[in-house]
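K.L.:
When you line the sequence shown up against our numbering, it's residues 293 to 978, in that order. Pasting in a structure now, in structure tokens, and then I'll have a few things to ask.
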Amino acid sequence: MDINKIRNVTFISHGGAGKTSLVEAVIFDTGYTRSIGTSADGSGVMDYDPVEIERKITINAKVASVNWNEYLINIIDTPGYANYLHETHVAIAAAGSAVVIASAITGVKAETKRAWQYADEYSLPRLIFVNKMDKEHADFYRAISDVEQSFGANVVPLHLPIGTADNFIGVIDLIGMQAYIYLPGGGKHKIEPIPDDMVELANKYRNKLVEAVSESDDSLLEKYLENGQLTDKEIIRGVREATITKRFVPVLCGSATKNYAVKRLLDAIIDFLPSPLEEPVRIVKDLTSKEDMFIMPTDERMTAHVFKTFIDPYVGKISLFRVFSGSINNGLEVLNTTKRERERISQLYLVQGKNTIEVEEVTAGQIAMASRLRYTDTFDTFCDVGTPMQFAPIALPEPVISYSIIPKSKDDENKVSAGLGKLKEEDCGISIRHDERTHELLLSGMGRMHIETTIEKLEKKFNIKVDMKLPRVPYLETVKKRASGQGKYKKQSGGRGQYGDVWLEISPLERGQGIQFIDDIVGGVVPKNFIPAVEKGIRETAAEGVLSGYPMVDFAVSLYDGSYHTVDSSELAFKIAASMAFKRVATDAKIVLLEPIMDVDIFVPADVVGIVISDINARRGKIVNVEPQAVGQHIRAQVPMAEIRTYAPDLRSLTGGHGMFTTALAFYDELPSYLVDKIVGENAPK
Ligand SMILES: Nc1nc2c(ncn2[C@@H]2O[C@H](COP(=O)(O)OP(=O)(O)OP(=O)(O)O)[C@@H](O)[C@H]2O)c(=O)[nH]1
Ligand SMILES: [Mg+2]
Numbered sequence: 293m294d295i296n297k298i299r300n301v302t303f304i305s306h307g308g309a310g311k312t313s314l315v316e317a318v319i320f321d322t323g324y325t326r327s328i329g330t331s332a333d334g335s336g337v338m339d340y341d342p343v344e345i346e347r348k349i350t351i352n353a354k355v356a357s358v359n360w361n362e363y364l365i366n367i368i369d370t371p372g373y374a375n376y377l378h379e380t381h382v383a384i385a386a387a388g389s390a391v392v393i394a395s396a397i398t399g400v401k402a403e404t405k406r407a408w409q410y411a412d413e414y415s416l417p418r419l420i421f422v423n424k425m426d427k428e429h430a431d432f433y434r435a436i437s438d439v440e441q442s443f444g445a446n447v448v449p450l451h452l453p454i455g456t457a458d459n460f461i462g463v464i465d466l467i468g469m470q471a472y473i474y475l476p477g478g479g480k481h482k483i484e485p486i487p488d489d490m491v492e493l494a495n496k497y498r499n500k501l502v503e504a505v506s507e508s509d510d511s512l513l514e515k516y517l518e519n520g521q522l523t524d525k526e527i528i529r530g531v532r533e534a535t536i537t538k539r540f541v542p543v544l545c546g547s548a549t550k551n552y553a554v555k556r557l558l559d560a561i562i563d564f565l566p567s568p569l570e571e572p573v574r575i576v577k578d579l580t581s582k583e584d585m586f587i588m589p590t591d592e593r594m595t596a597h598v599f600k601t602f603i604d605p606y607v608g609k610i611s612l613f614r615v616f617s618g619s620i621n622n623g624l625e626v627l628n629t630t631k632r633e634r635e636r637i638s639q640l641y642l643v644q645g646k647n648t649i650e651v652e653e654v655t656a657g658q659i660a661m662a663s664r665l666r667y668t669d670t671f672d673t674f675c676d677v678g679t680p681m682q683f684a685p686i687a688l689p690e691p692v693i694s695y696s697i698i699p700k701s702k703d704d705e706n707k708v709s710a711g712l713g714k715l716k717e718e719d720c721g722i723s724i725r726h727d728e729r730t731h732e733l734l735l736s737g738m739g740r741m742h743i744e745t746t747i748e749k750l751e752k753k754f755n756i757k758v759d760m761k762l763p764r765v766p767y768l769e770t771v772k773k774r775a776s777g778q779g780k781y782k783k784q785s786g787g788r789g790q791y792g793d794v795w796l797e798i799s800p801l802e803r804g805q806g807i808q809f810i811d812d813i814v815g816g817v818v819p820k821n822f823i824p825a826v827e828k829g830i831r832e833t834a835a836e837g838v839l840s841g842y843p844m845v846d847f848a849v850s851l852y853d854g855s856y857h858t859v860d861s862s863e864l865a866f867k868i869a870a871s872m873a874f875k876r877v878a879t880d881a882k883i884v885l886l887e888p889i890m891d892v893d894i895f896v897p898a899d900v901v902g903i904v905i906s907d908i909n910a911r912r913g914k915i916v917n918v919e920p921q922a923v924g925q926h927i928r929a930q931v932p933m934a935e936i937r938t939y940a941p942d943l944r945s946l947t948g949g950h951g952m953f954t955t956a957l958a959f960y961d962e963l964p965s966y967l968v969d970k971i972v973g974e975n976a977p978k
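Right, dumping it as structure tokens:
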């Protein structure tokens, strides 16, 4: 494959703007399907996961490799909803350029801005496609000004729409200065002169285009000043250079579902977006020299990066990877550098969503799929066996919400973690852990909907049904003051009796000090061999809590007196006596509950800082600091875990999707007394 004729492009935007519909139209236009599939009726080849079909959204990033005019265009379709932005991140890292889909109705929403920022991080050149021109209230010019305001980007239309909504019939190409009029059914067009009533507007935008092109290139500026015009070829070259160097962003428009102007988009991808040779260069670590180096697509040493895994209940594991240099042919043994294992690639495919075409070889710049790999997971690197190299892992956002997962049937208990473990292989945005403090299985993800769709996958793929619940807060107990007293266990009815007698003193310790047991016995009033039993009795009772069922911590306990019986005393008797004494003395020492407090870092636009701060206050939180950022403000706060468990969806609705946050455990603090009864009540033995 001629590397100059490859384009790797990701489609990004907020949810529902029409990315997948556009990809379905592309797959049809390039001859891979006989009709245009839609997500609305589940007939598409892209959104084929059962949960995607049911919810009519994209959840997994997917690839469609199509041939168009002898070029190979690999499109990575991404989810738009904020709950799946980690997939968008991965797609952007694998692609070399992006098509940003703006809606002619809603323009640019928060998620598109986030995706745009990611694309900035990877320096991706991009095009904008204003979609849904056929819908009522569609407005191309409003969408463009929204793009300009949202991104401060220098946007330059290459097309103008002819008509809108029901009257949208085609586009004017501002380079060829002609009209593409689409025939009902889409895909096919006639070329006509620009309609009379649009000639003036077309000239105005043509001039803007020519000026933008000349301004971005000195040699073209000279020609423009000399001739007052540029040739079509010069404009195309100028737009290409300006797009690849990100001096401006070309804008096209059309309708995905009507399949109007979709082929024009394919032409633009070829004409204006970079080939792998022109993409931002990638860095790999050369494990022989231990140095980071740029890997050029022309390097003969093979490097490839796995960016997505799917788990198919029948086929097993499917790995999507991009070859950055060299080539991989069917049957090649590669080194999986990440796992330090040799892996034979025996089935190689190009994919269009769920459809596959088997191939013998893939070369630098291509995206392909291999199935049934033994060792390989997402983000692993492949390279030639003799030249180990490794790509850095992709930095992903951390999960922001956790739920406790409970199987509906007791028999499924083991299956649940195994099933979730498999889903984690296909979804790098979830994490699973068993919380030892609350004995819950916690599933964490990017939002409530992400958790919901994950458990829907669990049911649809593996037939495991579970419920989700907010996780329990791991409260702790401690004591506030010093207290002392006795515990005496005595039983003398028939046979051998029981006798244990201890005096304990409890005193509070600093947070995080745990439990200190001090043996202050003098003169053997409690014999040495019984003292470990006393300590055990105390520790076991503390672990179960005295007031609320939560463990008691951060106290010192001294065993300072007691008595024994030469015949009746035993380890068990002293253990029971210690437990009795501990419960009594702890209660006198004023038990309080401790709750986990989280450090919360919130990033929001400046205009919502006030709302976000008052919401944090309403959650019993404290604002630590507010600091301006390049974009928006950074609020640092400390908030009780109990109040922030659903912060991901709450912040999203509070800020219209523009807020982001991270949390981490900060410390434990005393729970206000007015809340203690509620917590104690919740945990009381039934
Ligand atoms: N009228 C009209 N409807 C469209 C167009 N493009 C998409 N739609 C509809 O918009 C809805 C969402 O389309 P999708 O293609 O699933 O949008 P998406 O951007 O892939 O959405 P996510 O994957 O969830 O981010 C569907 O009901 C489509 O039929 C268009 O050009 N015109
Ligand atoms: Mg989609």
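Glycine is no exception: its CB is placed at the ideal position from the N, C-alpha and C atoms. As the structure is a prediction and not an experimental result, all values here were calculated from the model.
1. Can Asp369 be considered in contact with ligand 2, in the sense that its beta carbon sits closer than 7 Å to one or more heavy atoms?
2. Quickly, what does DSSP pair Gln644 with across the bridge? List them, please.
3. Report yes if the C-beta of Asp426 is less than 7 Å from at least one heavy atom of ligand 1; otherwise report no.
4. Checking 8 Å against the spacing of the C-beta atoms, do Arg831 and Ile807 come in under that value?
5. Tell me whether Val541 sits in a helix, a strand or coil according to DSSP, three-state version.
6. Which whole-angstrom value is the C-beta distance of Thr730 and Gly737, which I expect to be below 8 Å?
7. Please state whether DSSP places Tyr324 in a helix, a strand or coil.
8. Can at least three beta-carbon pairs, one atom from the stretch 455-467 and one from the stretch 545-555, be found at a separation below 8 Å?
9. Nearest-angstrom Cα distance between Ala445 and Val439?
10. Specify which residues have a beta carbon nearer than 5 Å to any heavy atom of ligand 2, listing them in chain order.
11. Taking the beta carbon of Leu695 as the centre, do at least 16 other beta carbons fall within 10 Å, making it buried, or is it exposed?
12. If the criterion is Cβ atoms closer than 8 Å, does the pair Ala396 and Ala435 meet it?
13. Taking all protein chains shown into account, decide if Gln682 is buried (16 or more other Cβ within 10 angstroms of its Cβ) or exposed.
14. Residues in its own chain within less than 6 Å of Ala504 by CB, not counting five upstream and five downstream?
15. To which residues does DSSP link Arg574 through a beta bridge?
16. Gln778 by DSSP, collapsed to three states: which one?
17. The beta strand (DSSP E) with Phe599 in it runs from where to where?
18. Give the DSSP bridge partners of Asn423, in chain order.
19. Helix, strand or coil for Tyr363, going by three-state DSSP, please let me know.
20. Please tell me whether, using a cut-off of 7 Å, the distance from the CB of Ala662 to the nearest non-hydrogen atom of ligand 1 is below it.
21. Answer yes or no: do Tyr410 and His451 have a C-beta to C-beta separation smaller than 8 Å?
22. For Asp899, count neighbouring C-beta atoms within 10 Å of its own C-beta (all shown protein chains included) and say buried if the count is 16 or more, exposed if not.
23. Indicate whether the contact test is met: 3 or more Cβ pairs, each with one atom in the stretch 951-963 and one in the stretch 752-759, closer than 8 Å.
24. Leaving out five residues before and five after Met933 in sequence, what residues of the same chain have Cβ atoms less than 6 Å from its Cβ?
25. For a test of the three-state rule: what should DSSP assign to Gln409, helix, strand or coil?
26. Along the chain, where does the alpha helix (DSSP H) containing Thr630 start, and where does it finish?
27. What does a CB cutoff of less than 7 Å around Leu579 pick up in its chain, not counting 5 residues either side in sequence?
28. Ligand 1 heavy atoms versus the CB of Asn296: any closer than 7 Å?
29. My output table needs one value for Lys882: the three-state DSSP class, helix, strand or coil.
30. Would the C-beta of Asn647 count as close to ligand 1, meaning under 7 Å from any of its heavy atoms?
31. Ignoring anything shorter than 3 residues, give me the beta strand (DSSP E) runs that lie fully in the stretch 867-911, in order along the chain.
32. Taking the C-alpha atoms as reference points, what is the distance between Asp465 and Lys311?
P.N.:
Reading from the atomic positions:
1. Taking the first residue of the sequence shown as position 1, residue 369 is located at position 77. The answer is yes for Asp369.
2. Taking the first residue of the sequence shown as 1, we reach residue 644 at position 352. Answer by DSSP bridge pairing, in chain order: Ala356, Asn647.
3. Residue 426 sits at position 134 when you count from the first residue of the sequence shown. Within the cutoff, so yes.
4. Against the sequence shown, residue 831 aligns to sequence position 539. Against the sequence shown, residue 807 aligns to sequence position 515. Cβ atoms of Arg831 and Ile807: closer than 8 Å.
5. Translated into positions along the sequence shown, residue 541 becomes position 249. Strand at Val541.
6. For this step, residue 730 is matched to residue 438 along the sequence shown. For this step, residue 737 is matched to residue 445 along the sequence shown. The Cβ separation is near 18 Å, so there is no contact.
7. If you number the sequence shown from 1, residue 324 lands on position 32. Of the three classes helix, strand and coil, the one that applies to Tyr324 here is coil, per DSSP.
8. yes
9. Here residue 445 corresponds to residue number 153 of the sequence shown, with the count starting at 1. Here residue 439 corresponds to residue number 147 of the sequence shown, with the count starting at 1. Their backbone Cα atoms lie some 7 Å apart in a straight line.
10. Lys311, Thr312, Thr350
11. Translated into the one-based positions of the sequence shown, residue 695 becomes position 403. Checking the displayed sequence, the identity of residue 695 turns out to be Tyr instead of Leu. It is buried - the Cβ of Tyr695 has at least 16 other Cβ atoms within 10 Å.
12. As a first step, residue 396 must be located in the sequence shown, where it is residue number 104. As a first step, residue 435 must be located in the sequence shown, where it is residue number 143. Result yes, Cβ atoms of Ala396 and Ala435 sit closer than 8 Å.
13. Taking the sequence shown and counting its residues from 1, one reaches residue 682 at position 390. By the 10 Å Cβ count, Gln682 comes out buried.
14. Residue numbering aside, residue 504 sits at position 212 when the sequence shown is read from its first letter. Cβ neighbours of Ala504 beyond the five flanking positions: Val448, Phe540.
15. Your numbering for residue 574 matches position 282 in the sequence shown. DSSP lists Ile587 as partners of Arg574.
16. Residue 778 sits at position 486 when you count from the first residue of the sequence shown. Reduced to three states, the DSSP call for Gln778 is strand.
17. Along the sequence shown, one-based indexing puts residue 599 at 307. Its beta strand (DSSP E) spans residues 595-604.
18. In the sequence shown, residue 423 corresponds to position 131, counting from 1. Ser395, per the DSSP bridge assignment.
19. Along the sequence shown, read from residue 1 onward, the residue named residue 363 stands at position 71. In the structure shown, Tyr363 sits in a strand (DSSP, three-state: E or B).
20. Your numbering for residue 662 matches position 370 in the sequence shown. No, Cβ of Ala662 sits at least 7 Å from all heavy atoms of ligand 1.
21. Position 118 of the sequence shown, counting from 1, holds the residue named residue 410. Position 159 of the sequence shown, counting from 1, holds the residue named residue 451. Contact: no.
22. Taking the first residue of the sequence shown as 1, we reach residue 899 at position 607. Label assigned to Asp899: exposed.
23. no
24. Within the sequence shown, residue 933 is the residue found at index 641, counting from 1. Closer than 6 Å at the Cβ level, and outside the excluded window around Met933, lie Val765, Pro888, Met890.
25. Numbered from 1 along the sequence shown, position 117 holds the residue referred to as residue 409. Helix at Gln409.
26. Counting from 1 along the sequence shown, the entry for residue 630 is found at position 338. Element bounds for Thr630: n/a, residue is neither H nor E.
27. Against the sequence shown, residue 579 aligns to sequence position 287. Cβ within range, chain order: Thr629, Pro680, Met681, Gln682.
28. Sequence index remark: in the sequence shown, residue 296 carries index 4 (1-based). The answer is no for Asn296.
29. On the sequence shown, residue 882 is found 590 positions in, with the first residue counted as 1. Coil at Lys882, not helix or strand.
30. One-based indexing of the sequence shown puts residue 647 at position 355. Checking the Cβ of Asn647 against ligand 1 gives no.
31. 883-896
32. The residue you call residue 465 lines up with position 173 of the sequence shown. The residue you call residue 311 lines up with position 19 of the sequence shown. If you take the alpha carbons of Asp465 and Lys311, they lie about 22 Å apart.
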